[in-house]
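**Student:** Numbering (the working numbering), first residue to last: 61 to 542.
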Ligand code: ATP
Ligand code: MG
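1) DSSP three-state label for residue 116, please.
2) Hey, quick one: how far does the alpha helix (DSSP H) through residue 320 stretch, first residue to last?
3) Spell out the partners DSSP gives residue 138 in its beta bridges.
4) Can you tell me whether residue 208 is helix, strand or coil according to DSSP?
5) Is residue 316 a contact residue of ligand 2, with contact defined as CB to any heavy atom under 7 Å?
6) Could you tell me the alpha carbon to alpha carbon distance between residue 296 and residue 425, rounded to whole angstroms?
7) For residue 169, I'd like the list of residues in its chain whose CB is within less than 8 Å of its CB, leaving aside the five on either flank, ordered along the chain.
8) Here's the rule I'm using: 16 or more other beta-carbon atoms within 10 Å means buried, otherwise exposed. How should residue 288 be labelled?
9) Hey, residue 330 and residue 272: beta-carbon distance below 8 Å or not?
10) Using DSSP bridges, identify the partner residues of residue 90.
11) Comparing alpha-carbon positions, which option in 315, 407, 319 and 227 lies nearest residue 366?
12) Between the alpha carbons of residue 321 and residue 313, how many angstroms are there, rounded?
13) Taking 8 Å as the CB-CB cut-off, is residue 318 touching chain C?
14) Tell me which same chain residues have a C-beta within less than 8 Å of the C-beta of residue 447, skipping the five on either side of it?
15) On the premise that residue 210 lies in contact with residue 162, defined as a C-beta separation below 8 Å, what is that separation, rounded to the nearest angstrom?
16) By a C-beta neighbour count over all protein chains shown, 10 Å radius and 16 as the cutoff for buried, is residue 243 buried or exposed?
17) Please determine if the stretch 465-484 and the stretch 435-450 are in contact, where contact requires at least 3 C-beta pairs separated by less than 8 Å.
18) Please determine whether the Cβ atom of residue 135 lies at a distance below 7 Å from any heavy atom of ligand 1.
19) Taking its Cβ as the centre, do 16 or more other Cβ atoms sit within 10 Å of residue 327, making it buried, or is it exposed?
20) Can you list, in chain order, the residues of its chain whose CB lies under 7 Å from that of residue 299, leaving out five sequence neighbours each side?
21) When the distance is taken between beta carbons, is residue 121 closer than 8 Å to residue 143?
22) Please state whether DSSP places residue 431 in a helix, a strand or coil.
23) Residue 226: which of 453, 88, 461 and 147 sits nearest, CA to CA?
24) Quick check: the Cα distance between residue 345 and residue 388, rounded to an integer number of angstroms?
25) Could you tell me the alpha carbon to alpha carbon distance between residue 383 and residue 250, rounded to whole angstroms?
26) Would the beta-carbon of residue 207 be found less than 7 Å away from any heavy atom of ligand 1?
27) Can you give the Cα-Cα distance for residue 109 and residue 138, rounded to whole angstroms?
28) Could you check whether residue 357 and residue 8 sit closer than 8 Å to each other, using their CB atoms as the reference points?
29) Return the chain-ordered list of same chain residues with a C-beta closer than 6 Å to the C-beta of residue 148, the five sequence neighbours on each side being excluded.
30) Between the beta-carbon of residue 338 and the beta-carbon of residue 405, is there less than 8 Å?
31) I'd like to check one pair, residue 220 with residue 262: are the Cβ atoms closer than 8 Å?
32) Give the DSSP bridge partners of residue 95, in chain order.
33) What residues match up with residue 281 in a beta bridge as DSSP calls it?
34) With DSSP run on the structure shown, which of helix, strand or coil describes residue 330?
35) My guess is that residue 129 and residue 95 are in contact by the Cβ rule of under 8 Å, so how many angstroms apart are they, rounded?
36) At what residues does the beta strand (DSSP E) containing residue 100 begin and finish?
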């Protein structure tokens, strides 16, 4: 067998055993793996020790074990145990039980929460009794409820990918593998547990998005058996609650590999399920105009994440949905709708249609629409409006958005440069840039007959001074829009 670079984190090459539900797990003793307690959160260790000392089985599980074996810093630490949630609560005072049907324990340590889950059994196979109170599926086989406690072996096999089903046992510090996850970790391979891959995707179509996410995050290849069905099964995402998809979209695009994820999602037809309006625009334009804007926006976001800068959902969704908004805005303008009404209407239509697929919470939807509706206002540089815009709570995001549009060739970079200079300019220069200099007033009064000519010539210079009267007339509807 060829050991890929991932194997360097495993101290010894293991025998290649494929563990199944009825076979014994592969147990790797402490001396033969690289997980050190010094890399585990002290609070997670406290939880594990306390459960162990209270006589329960306690394991670190999931992404934490996977990432530790890969030498990455885990995002969080999840614990699995044979203790029921009520028993967990008896062990910890700083503990809250969450979830109405399937109860999980959250143990609080200041800002850190350690999630403790009782071992659960795999859902009953599709087609069998699906009406039980604790187990239910949709017609397509999607699991709605599977609230049945089980053994650790059952718990392992109900997880998604083999590399996510590794356990670190606090009793003897060994790593326990029921699903062949260690082999796949070594090979850099993402593989769903079980033979019936389509059934696993049907049980939870979000696993398709998770496949893309982990492939990008870990740099793993998706096993052929799991990659091939993606295109056919992508429409199953339509069954998933739109609010859950919102969370998944953030995990895909706010973790530093958004551009890569976008490309993969498009390749598998998953992006079209999440953002159908955007996908339709991109598919139409691909041959004439590259998918520059979204790609640049995501690349930019990735760089910010990697530099430790903040990223916010309204900006992300403004980027992801701009193309349909822009096209609709232009169509409305061509129909004679005023720019202020056109942008508001386009924003409203696109955002409302999107809610059916990925539900954007109101607190993010409002600022997203503001970023869009400020775009035409940024094109109006004369008079007092630019100064007023600087004070708008969404100005900075709208300006960043304008930079992206300029970078991708959608607007003249000169406009973006103007705003960059305007922000840095002193009050005198700002006045000159917007034609609001105090000195001009007395001059204007004295030569009042030439004002109209001035205005026309400003218009001829390429800015929108010539439209001043029209814009003035629209000021009220523009402001109402905001
Ligand atoms: P990360 O936290 O780094 O994004 P993770 O693997 O820990 O990755 P979580 O969403 O935190 O992912 O889930 C924890 C574990 O729960 C997973 O490793 C997996 O074992 C299991 N799991 C999560 N979602 C699913 C799912 N949709 N189907 C089956 N098992 C799942
Ligand atoms: Mg996790």
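Every residue gets a Cβ at the ideal spot worked out from N, C-alpha and C, and that includes glycine.
**Tutor:** Concretely, from the data shown:
1) Residue 116: coil per DSSP, three-state reduction.
2) It spans 318-327 - the alpha helix (DSSP H) in which residue 320 sits, taken as one unbroken run.
3) Residue pairing from DSSP places residue 138 in a beta bridge opposite 121 and 175.
4) Three-state DSSP puts residue 208 in coil, outside helix and strand.
5) For ligand 2, no non-hydrogen atom lies closer than 7 Å to the CB of residue 316.
6) The alpha-carbon atoms of residue 296 and residue 425 are separated by roughly 25 Å.
7) Same-chain partners within the cutoff: 103, 106 and 154.
8) Counting C-beta atoms within 10 angstroms of its own C-beta, residue 288 has fewer than 16 neighbours from the protein chains shown and is therefore classed as exposed.
9) In contact: residue 330 and residue 272 (Cβ atoms closer than 8 Å).
10) Answer is none; residue 90 lacks a bridge partner.
11) Of 315, 407, 319 and 227, the residue nearest in Cα terms is 315.
12) Between the C-alpha atoms of residue 321 and residue 313 there is a straight-line separation of about 7 Å.
13) Chain labels in this structure do not include chain C; a single protein chain is all it has.
14) For residue 447, where only same-chain residues beyond five positions count, the Cβ hits under 8 Å are 490, 494 and 496.
15) With 8 Å as the limit, residue 162 and residue 210 do not qualify as a contact, their Cβ atoms being about 12 Å apart.
16) Residue burial is scored here from C-beta neighbours: residue 243 has at least 16 other C-beta atoms within 10 angstroms and is therefore classed as buried.
17) Because the criterion of three Cβ pairs below 8 Å is met, the stretch 465-484 and the stretch 435-450 touch.
18) Under cutoff, so the answer is yes.
19) By the 10 Å Cβ count, residue 327 comes out exposed.
20) Only 198, 200, 202 and 265 meet the Cβ criterion.
21) The Cβ atoms of residue 143 and residue 121 lie no closer than 8 Å to each other.
22) In the displayed model, residue 431 falls within a helix according to three-state DSSP.
23) Nearest of 453, 88, 461 and 147 to residue 226, Cα basis: 88.
24) Taking the straight line from one Cα to the other gives about 15 Å.
25) When rounded, the separation of the alpha-carbon atoms in residue 383 and residue 250 is 33 Å.
26) Residue 207 has its CB no nearer than 7 Å to any heavy atom of ligand 1.
27) Inter-residue distance for residue 109 and residue 138 is about 14 Å (C-alpha atoms, whole angstroms).
28) The shown model of the chain, from 61 to 542, leaves out residue 8, and the question about it has no answer.
29) Excluding residues within five positions, the ones whose Cβ falls inside 6 Å are 165 and 176.
30) Not in contact: residue 338 and residue 405 (Cβ atoms no closer than 8 Å).
31) Contact flag unset, no.
32) Per DSSP, residue 95 has no beta-bridge partner at all.
33) In DSSP, residue 281 forms a bridge with 249.
34) The answer is coil: DSSP assigns residue 330 none of H, G, I, E or B.
35) About 6 Å separates the CB atoms of residue 129 and residue 95; that is less than 8 Å, so the two are in contact.
36) In the DSSP assignment, residue 100 falls outside any beta strand (DSSP E) and carries neither an H nor an E.
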